[in-house]
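Presented below is the structure to which this report refers.
Numbering (the UniProt record's numbering), first residue to last: 1 to 206.
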């Protein structure tokens, strides 16, 4: 990998049209063997002439000869974003290692799959008493009640914040919501004085 990085730095850094160069496939995932190809993804900036891919490919062809290995290149132009191969994109997202350029390639590729940012939140409820735990649980996940009055049953259902935000409970003390709703739940946590952890994930709509 270092040889490839050095090659890119010395030969391709002059091409300002290149947004990012990403390694994926067997070499990136640690499954490389003597029969494997080296898989390279090149993302170009807006308005890059397509003829440039031939020039870049010839550079990698030369590198492949020096390494005595086959190098496969995948070129992505912003203007063709709707035609990008989703299988390649998923592989790059799963295995990709940035070799050169901007690390925002990840977000560029995610947008082609219509992924959106979500937050997985895990609560630390140790500081809460039983009453406050139940109150918070009702606020987050909602509740149902059934009352009998004059021989009739009356049912009441209140939706929780997580459901309103189109999120989902994951397990005890954890749930996932669209990132746009993070501030709302954080403000609720502050009211109860509880600690929590959160991290971003990219996914399609729940």
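Glycine residues also receive a C-beta, built at the ideal position from the N, C-alpha and C atoms.
Short Cβ contact (9 Å threshold) for residue i with residue j
i, j, result
"residue 23", "residue 136", "no"
"residue 72", "residue 40", "yes"
"residue 61", "residue 38", "no"
"residue 182", "residue 198", "yes"
"residue 144", "residue 155", "yes"
"residue 121", "residue 174", "yes"
Proximity test, residue i beta-carbon vs the ligand SAM heavy atom, cut-off 8 Å
i, result
"residue 136", "The ligand SAM is absent from the structure shown, which contains no ligand whatsoever."
For residue i, the residue or residues it bridges with in DSSP
i, result
"residue 39", "24, 72"
"residue 198", "121"
"residue 15", "Beta-bridge pairing links residue 15 to no other residue."
"residue 97", "23"
Cut-off 7 Å between Cβ atoms - residues of its own chain near residue i, not counting five sequence neighbours on either side
i, result
"residue 59", "11, 12"
"residue 101", "18, 19, 20, 21"
"residue 84", "76, 112"
"residue 81", "112"
Cβ-based neighbour list, residue i, same chain, cut-off 6 Å, excluding 5 preceding and 5 following
i, result
"residue 45", "17, 19"
"residue 124", "195"
"residue 91", "24"
Rounded Cβ spacing between residue i and residue j (contact assumed at less than 8 Å)
i, j, result
"residue 117", "residue 179", "4 Å"
"residue 202", "residue 110", "5 Å"
Cβ-based neighbour list, residue i, same chain, cut-off 8 Å, excluding 5 preceding and 5 following
i, result
"residue 138", "158, 160"
"residue 163", "141, 142"
"residue 52", "15, 17, 44"
- Task: Would you list, in sequence order, the uninterrupted beta strand (DSSP E) runs of no fewer than 3 residues that lie entirely inside the segment 125-184?
- Result: 142-149, 152-159, 168-171, 174-178
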